[in-house]
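Scroll down for the structure; my scribbles are underneath it.
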């Protein structure tokens with residue numbers, strides 16, 4: 000009987016990561032910036048829940064942490080804690096450039112009131128809090144930004 004319990008426990012431990020992976024879905028985000036004069040834009044791409052509360056960082060464009068304070072909704076929600084975004088950073092994004100990010104998202108977040116949000120900032124220019132707010136649904140989505148982001152879209 001002990002061998003059966005041990006075998007079941009090992010099978011469960013082995014299957015758990017596979018089940019977790021099966022319940023997540025790869026999502027590709029495409030972000031295009033508008034043409035503007037100035038340095039590269041810092042972007043914080045993150046998720047909020049149905050109440051607008053910060054939940055998870057998806058990507059941070061711009062590696063100098065001293066500038067993250069300009070991404071105010073993201074930092075105010077708790078996203079600027081290094082443990083939260085380690086491994087989720089890349090270079091800032093220049094005028095008119097494109098950024099493509101691939102992330103794994105839990106399927107339970109789809110059609111549950113979550114939003115993809117983007118804060119943006121450019122040195123010596125205006126900061127944009129939650130300039131993009133895009134509902135996270137099972138269908139691909141697209142939105143325009145109100146600052147440096149021309150458009151953002153996602154697909155599965």
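Numbering (this note's numbering), first residue to last: 0 to 155. Every residue gets a Cβ at the ideal spot worked out from N, C-alpha and C, and that includes glycine.
Tell me which same chain residues have a C-beta within less than 7 Å of the C-beta of residue 110, skipping the five on either side of it?
Here the set comprises 136, 137.
With DSSP as the reference, label residue 96 as helix, strand or coil.
The answer is coil: DSSP assigns residue 96 none of H, G, I, E or B.
Within the continuous beta strand (DSSP E) that includes residue 140, where are the two ends?
Counted as a single uninterrupted DSSP element, the beta strand (DSSP E) harbouring residue 140 occupies residues 140 to 143.
Bridge partners of residue 135, per DSSP?
According to DSSP, which records beta bridges pairwise, residue 135 is partnered with nothing at all.
Taking 8 Å as the threshold (C-beta atoms), are residue 49 and residue 147 in contact?
Cβ atoms of residue 147 and residue 49: not closer than 8 Å.
Residue closest to residue 70, alpha-carbon to alpha-carbon, out of 116, 107, 102:
The shortest C-alpha separation from residue 70 is found at 116.
Cα-Cα separation, residue 40 to residue 101
Approximately 19 Å, taken between the alpha carbons.
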